[in-house]
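These notes concern the structure reproduced below.
Number of protein chains: 2
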Amino acid sequence: MSAKKVLVVDDEASIREMLRLALEISEFECLEAADIHEAYRLITDESPDMVLLDWMLPGGSGIELLRRLKKEEATQALPVIMLTAKTHEDNVVQGLEVGADDYITKPFAPKELIARMKAILRRSSSEEAGSELRVGELVLEIDSRRVMLSERALEMGPTEFKLLHFFMSHPERAYSRAQLLDRVWGANVYVEERTVDVHIRRLRKALQAGDPIYADLIQTVRGTGYRFSPRDLAVA
Amino acid sequence: MSAKKVLVVDDEASIREMLRLALEISEFECLEAADIHEAYRLITDESPDMVLLDWMLPGGSGIELLRRLKKEEATQALPVIMLTAKTHEDNVVQGLEVGADDYITKPFAPKELIARMKAILRRSSSEEAGSELRVGELVLEIDSRRVMLSERALEMGPTEFKLLHFFMSHPERAYSRAQLLDRVWGANVYVEERTVDVHIRRLRKALQAGDPIYADLIQTVRGTGYRFSPRDLAVA
DNA sequence: CAGTAATGTGACATTCACGTGACAGCCTGC
DNA sequence: GCAGGCTGTCACGTGAATGTCACATTACTG
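In the order they appear, the protein sequences are chains A and B. Residue numbering for the first sequence follows this note's numbering, beginning at 1 and increasing consecutively. Residue numbering for the second sequence follows this note's numbering, beginning at 1001 and increasing consecutively.
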């Protein structure tokens, strides 16, 4: 994998310097911009893989840039992490609503930032893989929001679809109920953990209706949670 | 989730005391060391989940310990937060280069320290993902929570999995039943020491089901406890 | 070689996690 | 309004996992 380009947008030179250091240690290529105008130029000229964006910037707050990026087709998919000194929930919510992929409050540990960046890059690179996910005869069509099994459509609710989508994007890995709630239902939603069980049940039922073998794709990991395992399908 | 063990390394008793207080309020288990030698002993004996390390220490500065920890395979992944009174960029950079996960300058708010600790633990526990432990044909897949032996999955309960995980992370070393209870079951859990024997038995049985040779990986050290010894596998 | 302490092992009761069906509230569209 | 799909929660049943014991077996001691 070639080095990823990261654009740092912050008006304080010392912070840019610190980030450059941290990024280069982790083998990212680093671009810097001190204001929105410069940032926008670099984005179009250099097409970085990710943007680290300060909330407060001269010549317009960072969120304006974010809004602009998300409005334009070409830059919509560009991952953005907001950097903010503020901890108020409002800002976080506002940032995420406009489309930031993550936010991190100053001061932060460089390593944590790097970790989040990697997580986001991993996600975005695996998600652009076509508009459908496939496991054996099972095909999840993201755009049409349909699931096909051996040419026949499977019936399932929106939650089961999202759950299956998540599982198919993250195979061979056990997730706790809490993690699933977080990733599928979304954070700051409170529902009982056992609710996951019920939706797992519904999803299994839907898969089973298509082909009994495929229900075994979703395995229970006792004491932990669930796992989607195409690997064991071939064996069976 | 069992309480995380944190080792505090500082020569000033008052600071250790303060940290112990803060940590215990936040439900961390706290170990203390006043010098590098003691710190190193505790790290190998108690294998804490994280180290808070003072920069200036008698008998060698903290950074020397850090360097040592990062050089050795067994302790490389152990998260370290540097505590320092100095604010010079140099030190920070030096600390991060050697591999500290974060640094924090005195005086600091306990709350901030705790917050950073949690952030780092969250990361390290999820970053352990993707990795796997391997001994010969035996592969412990951490993120999928499975144990494979010669491509076939082994059946075992959660406790046996944790036990094996611990053993594979700490090979060639004998542990007493008390130590195993502490590490695998978690501190402040009271069960009979002989219970360990039973789970050892179950684990051996699971390994044996895969390949009889592999049951010998777990050796009895009479009068002491048990040892996981891949070394003797090749010999046999 | 007997005696004793330490460990192996099978069985068992209990606890606990999970599967499952039922149901009430909530939307949405008719 | 009501019909129907979707959701979250609960209660109940079941089987797995756990901890403990009793007894068998093995290793040390003198």
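Glycine included, C-beta positions come from ideal geometry on N, C-alpha and C. This one's a predicted model, so the numbers in the text were calculated from it and none came from an experiment.
{"Item": "Assuming valine 1008/B contacts arginine 1016/B under a Cβ cut-off of 8 Å, what Cβ separation, rounded to an integer in Å, is found between them?", "Value": "5 Å"}
{"Item": "In chain order, what residues of the same chain lie with their CB nearer than 8 Å to the CB of leucine 65/A, ignoring the 5 residues before and after it?", "Value": "Val9, Ile36, Ala39, Tyr40, Leu53, Leu57"}
{"Item": "Inspect the beta-carbon positions of leucine 133/A and leucine 140/A and report whether they are closer than 7 Å.", "Value": "yes"}
{"Item": "With DSSP collapsed to three states, give me the class of phenylalanine 228/A.", "Value": "strand"}
{"Item": "Using a beta-carbon distance below 7 Å, is serine 1144/B in contact with chain A?", "Value": "yes"}
{"Item": "Compute the Euclidean distance between the alpha carbons of valine 1031/B and valine 1080/B, then round it to the nearest angstrom.", "Value": "Contrary to the premise, residue 1031/B reads as leucine rather than valine in this sequence. Taking the straight line joining both Cα atoms gives about 14 Å."}
{"Item": "List, from N- to C-terminal side, the beta strand (DSSP E) runs of 3 residues or more that fit wholly inside the segment 11-62 of chain A.", "Value": "29-33, 50-54"}
{"Item": "Since proline 1171/B and phenylalanine 1228/B should fall inside the 8 Å C-beta cutoff, what is the C-beta to C-beta distance between them, to a whole number of angstroms?", "Value": "5 Å"}
{"Item": "With 7 Å as the threshold, decide whether the Cβ of aspartate 1216/B is near any Cβ in chain A.", "Value": "no"}
{"Item": "With a threshold of 6 Å on Cβ separation, who are the neighbours of leucine 154/A within its own chain once the five nearest residues in sequence on each side are excluded?", "Value": "Val147, Ala206, Gly210"}
{"Item": "Below 6 Å CB to CB, which residues in the same chain sit around aspartate 1232/B once its five sequence neighbours on both sides are set aside?", "Value": "none"}
{"Item": "Would you mind sorting proline 48/A into buried or exposed? The rule is 16 or more other CB atoms within 10 Å of its CB.", "Value": "buried"}
{"Item": "Hey, how far is the Cα of leucine 1083/B from the Cα of alanine 109/A?", "Value": "13 Å"}
{"Item": "So, is the C-beta of valine 111/A closer than 7 Å to a C-beta in chain B?", "Value": "Correcting the residue type first, residue 111/A is lysine in the shown sequence and not valine. Yes - at least one Cβ of chain B is within 7 Å of the one on lysine 111/A."}
{"Item": "I'd like to check one pair, valine 1135/B with lysine 1162/B: are the Cβ atoms closer than 7 Å?", "Value": "no"}
{"Item": "Shorter than 6 Å, the distance from the beta carbon of serine 150/A to the closest heavy atom of the ligand GDP, or not?", "Value": "Within the structure as shown, the ligand GDP is missing, as the structure has no ligands at all."}
{"Item": "CA-CA distance, methionine 1168/B and threonine 224/A?", "Value": "20 Å"}
{"Item": "Under 7 Å between C-beta atoms, does proline 1158/B make it to chain A?", "Value": "yes"}
{"Item": "Using DSSP with H/G/I as helix, E/B as strand and the rest coil, what is valine 1191/B?", "Value": "coil"}
{"Item": "Answer with yes or no whether the minimum CB distance from aspartate 1102/B to chain A is below 7 Å.", "Value": "yes"}
{"Item": "Quick one: complete beta strand (DSSP E) runs, 3+ long, within the segment 127-175 of chain A?", "Value": "132-135, 138-141, 146-149, 152-154"}
{"Item": "Strictly under 7 Å for the Cβ-Cβ distance: is glutamate 38/A near chain B by that measure?", "Value": "no"}
{"Item": "Give me the Cα-Cα distance between isoleucine 43/A and tyrosine 1190/B, rounded to the nearest whole angstrom.", "Value": "59 Å"}
{"Item": "Please report the distance separating the alpha-carbon of methionine 1018/B from that of lysine 1070/B.", "Value": "27 Å"}
{"Item": "In this structure, does DSSP put leucine 1083/B in helix, strand or coil?", "Value": "strand"}
{"Item": "I need the boundaries of the beta strand (DSSP E) containing glutamine 219/A, first residue and last residue.", "Value": "218-221"}
{"Item": "When you compare only the Cα positions, how much space is there between isoleucine 1025/B and valine 51/A?", "Value": "38 Å"}
{"Item": "What do you get for glutamate 192/A, buried or exposed, if any count of 16 or more other CB atoms within 10 angstroms of its CB means buried?", "Value": "exposed"}
{"Item": "Can you pull the chain B neighbours of threonine 224/A, defined as C-beta to C-beta under 8 Å?", "Value": "Arg1145, Pro1158"}
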